[in-house]
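Structure record follows, encoded as structure tokens.
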Amino acid sequence: EAQVTQNPRYLITVTGKKLTVTCSQNMNHEYMSWYRQDPGLGLRQIYYSMNVEVTDKGDVPEGYKVSRKEKRNFPLILESPSPNQTSLYFCASSLSVLATYGYTFGSGTRLTVV
Amino acid sequence: AQTVTQSQPEMSVQEAETVTLSCTYDTSESDYYLFWYKQPPSRQMILVIRQEAYKQQNATENRFSVNFQKAAKSFSLKISDSQLGDAAMYFCAYRRSDNDMRFGAGTRLTVKP
Numbered sequence: 001e002a003q004v005t006q007n008p009r010y011l012i013t014v015t016g017k018k019l020t021v022t023c024s025q026n027m028n029h030e031y032m033s034w035y036r037q038d039p040g041l042g043l044r045q046i047y048y049s050m051n052v053e054v055t056d057k058g059d060v061p062e063g064y065k066v067s068r069k070e071k072r073n074f075p076l077i078l079e080s081p082s083p084n085q086t087s088l089y090f091c092a093s094s095l096s097v098l099a100t101y102g103y104t105f106g107s108g109t110r111l112t113v114v
Numbered sequence: 115a116q117t118v119t120q121s122q123p124e125m126s127v128q129e130a131e132t133v134t135l136s137c138t139y140d141t142s143e144s145d146y147y148l149f150w151y152k153q154p155p156s157r158q159m160i161l162v163i164r165q166e167a168y169k170q171q172n173a174t175e176n177r178f179s180v181n182f183q184k185a186a187k188s189f190s191l192k193i194s195d196s197q198l199g200d201a202a203m204y205f206c207a208y209r210r211s212d213n214d215m216r217f218g219a220g221t222r223l224t225v226k227p
């Protein structure tokens, strides 16, 4: 089944403890992206990647890191999480950056930082 | 940066009735795509419908249709014969050819039995 697999689904952590949210797609998609969803703000882009070893900042990149060493994987790293990073996170992918392609989304990660 | 505005934070509709969700966007581009995504309580983001800006004809998918007004930069979603399973958060999104997807703040739709 074609899908974006995102883990974990729920995560509660303490301030300052490094964490990684994994994202993997099996569709050979070039374009991958991370979003955070907050009430009243919709989805805002954190980082995106147009292909292997090519990543760039989105609208809200502060406090986050990403890497794209393989085409299928695009992990989101929080080196020192803070309470303002409590949010719902989505990984998404599309065949390419061309607008004709909508996104396939992961199932989301609910992160709470205490 | 392009912006997408959904002016209705919440909407409600009676089962079997019709409801329209509003979306406006701001862009200087002529070639782009517009999307509506549904997010039920399961959190999964589900593509409902897609519209290419260069097409005059409004997209339709079963009970879901759009009213695309390019000059007015408006892209509303009409849900006909509403069902309980339509209850969800709905996001309008915009994407141009070489860029990421921009989302509105969302409209929470309640369906009353």
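Protein chains in written order, with this note's numbering: chain A, 1 to 114; chain B, 115 to 227. For glycine and all other residues, C-beta sits at the position ideal for the given N, C-alpha and C.
To the nearest angstrom, report how far apart residue i and residue j are at their CA atoms.
i              : j              : result
C206 (chain B) : E79 (chain A)  : 32 Å
L198 (chain B) : N213 (chain B) : 35 Å
Y35 (chain A)  : A92 (chain A)  : 8 Å
D59 (chain A)  : R68 (chain A)  : 19 Å
Q6 (chain A)   : G220 (chain B) : 22 Å
L161 (chain B) : P81 (chain A)  : 31 Å
V97 (chain A)  : N51 (chain A)  : 10 Å
V30 (chain A)  : G108 (chain A) : For clarity, residue 30 (chain A) is Glu in the given sequence; the question names Val instead. Using only the alpha carbons, I get a separation of about 20 Å.
E1 (chain A)   : S126 (chain B) : 35 Å
R110 (chain A) : T141 (chain B) : 32 Å
Going along chain B in order, which residues have a C-beta closer than 9 Å to the C-beta of residue i?
i             : result
S33 (chain A) : D214 and M215
Y10 (chain A) : Chain B residues near Y10 (chain A): none, gap ~11 Å exceeds 9 Å.
G63 (chain A) : Neighbours of G63 (chain A) on chain B: none; closest Cβ ~19 Å, over 9 Å.
S16 (chain A) : In the sequence as presented, Ser is not what sits at residue 16 (chain A); that position holds Gly. In chain order: nothing, as chain B lies at least about 27 Å away.
Just to check my reading of the structure: residue i and residue j have Cβ atoms closer than 8 Å, yes? What is that Cβ distance to the nearest angstrom?
i              : j              : result
R209 (chain B) : T117 (chain B) : Actually they are not in contact, since the Cβ atoms of R209 (chain B) and T117 (chain B) sit about 13 Å apart, beyond 8 Å.
A167 (chain B) : D200 (chain B) : Contact flag wrong, Cβ pair sits at about 26 Å.
I163 (chain B) : L191 (chain B) : 7 Å
T112 (chain A) : I46 (chain A)  : At roughly 17 Å, the Cβ-Cβ gap does not stay under 8 Å, so T112 (chain A) and I46 (chain A) are not in contact.
R72 (chain A)  : S24 (chain A)  : 5 Å
What in chain A is Cβ-close to residue i, meaning under 8 Å?
i              : result
F182 (chain B) : Correct list: empty, because the minimum Cβ distance to chain A is about 15 Å.
F205 (chain B) : G42 and L43
How would you list, in chain order, the residues of chain A whose beta-carbon sits under 7 Å from the beta-carbon of residue i?
i              : result
G218 (chain B) : G42
R164 (chain B) : G102
Residues of chain B with CB under 8 Å from residue i, in chain order?
i             : result
Y48 (chain A) : D214
Buried or exposed: which applies to residue i, given that a residue is buried once 16 or more other Cβ atoms fall within 10 Å of its Cβ?
i              : result
T15 (chain A)  : exposed
T132 (chain B) : exposed
- With 9 Å as the limit, tell me which residues of the segment 134-160 of chain B have their beta carbon closer than that to any beta carbon of chain A; keep them in chain order. D145, Y146, Y147, F149, Y151, Q153, S156, R157, Q158, M159 and I160
- Check distances from the C-beta atoms of the segment 89-106 of chain A to those of chain B and list, in chain order, the residues that come in under 7 Å. F90, V97, L98, A99, T100, G102, Y103 and F105
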